[in-house]
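In the numbering used here, the protein residues as written are 2 to 129. Each residue gets a CB set at the ideal place from its N, CA and C atoms; glycine is no exception. The structure displayed is predicted, hence computed values, not measured ones. Each remark here refers to the structure printed beneath this line.
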Amino acid sequence: MTKKAFHTTNAPQPAGPYSQAVEANGFVYTAGFGPQDAANGNAVAESVGDQTRQVLRNVQSALAERGLTLDDCVKTTVHLADLADFAEFNEAYKEFFSEPFPVRTTVGSQLANILVEIDAVAAIPEGK
Numbered sequence: 002m003t004k005k006a007f008h009t010t011n012a013p014q015p016a017g018p019y020s021q022a023v024e025a026n027g028f029v030y031t032a033g034f035g036p037q038d039a040a041n042g043n044a045v046a047e048s049v050g051d052q053t054r055q056v057l058r059n060v061q062s063a064l065a066e067r068g069l070t071l072d073d074c075v076k077t078t079v080h081l082a083d084l085a086d087f088a089e090f091n092e093a094y095k096e097f098f099s100e101p102f103p104v105r106t107t108v109g110s111q112l113a114n115i116l117v118e119i120d121a122v123a124a125i126p127e128g129k
C-alpha cells in the first residue's frame, strides 16, 4: 500500500503528529477538523450552525488539495459537544451535501472549546 499526505494552508494546521488528509487505496481520509477559520486568524464562530459551516469549509479545503469535493464523500463522522444541537447542526450540514448523501455517524463527544468536529472519507473517481 502506498499513501500520500496532503496539506493546505486554507484549513487549520495539525495540532499534533497527524496529516490533514491522506490518500490510500482509492480513498482520501481527512483528519477531524474543528471550526477554526485559518483565513481569519483561527477565529471560531459561536453557534453550532456557523461552526458546522466552517468545519465543512475546512474539509472542502483539504479535499481540494487532491482535486476532490464534498460530492466525492462517501462517509463522515461527526462529533457534537451537545447532542441537543443536532437539529441546528443538521440544517447547516445539509447545505453542503447533495444526494446521494454520504453515510454519517454522529456522536456526542467531549470537545476542547468547540461545538463540532467532522472527518470525512472521499472516494477518488476513476481517472482522477
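Coil, strand or helix - residue i by DSSP
| i | result |
| --- | --- |
| Tyr30 | strand |
| Asp120 | strand |
| Phe97 | coil |
| Asp73 | helix |
| Glu92 | helix |
| Thr78 | strand |
| Asp83 | coil |
| Ala44 | strand |
Where the beta strand (DSSP E) containing residue i begins and where it ends
| i | result |
| --- | --- |
| Gly109 | Val104 to Gly109 |
| Asn23 | It is worth fixing the name first, because residue 23 is Val in this sequence and not Asn. From DSSP, the beta strand (DSSP E) with Val23 extends over Ala22 to Ala25. |
| Ala6 | Lys4 to Phe7 |
Proximity test, residue i beta-carbon vs the ligand GDP heavy atom, cut-off 7 Å
| i | result |
| --- | --- |
| Gln21 | In the structure shown, the ligand GDP is absent, as is every other ligand, since no ligand is present at all. |
Length of the line joining the Cα atoms of residue i and residue j
| i | j | result |
| --- | --- | --- |
| Ser62 | Thr70 | 9 Å |
| Glu118 | Ala25 | 22 Å |
| Asp120 | Glu47 | 20 Å |
Test: residue i CB closer than 8 Å to a CB of chain D
| i | result |
| --- | --- |
| Lys129 | No chain D is part of this structure, which consists of one protein chain only. |
Boundaries (first-last residue) of the alpha helix (DSSP H) holding residue i
| i | result |
| --- | --- |
| Gln14 | Per DSSP, Gln14 belongs to no alpha helix (DSSP H) and is neither H nor E. |
| Gly50 | Val49 to Ala65 |
Validate contact between the region 81-95 and the region 48-68 using beta carbons, cut 8 Å, 3 pairs: yes
Cβ contact check for the region 5-18 and the region 96-107: 3 or more pairs under 8 Å: Result no; under three Cβ-Cβ pairs closer than 8 Å.
At least three beta-carbon pairs within less than 8 Å, the region 70-83 to the region 39-46: no
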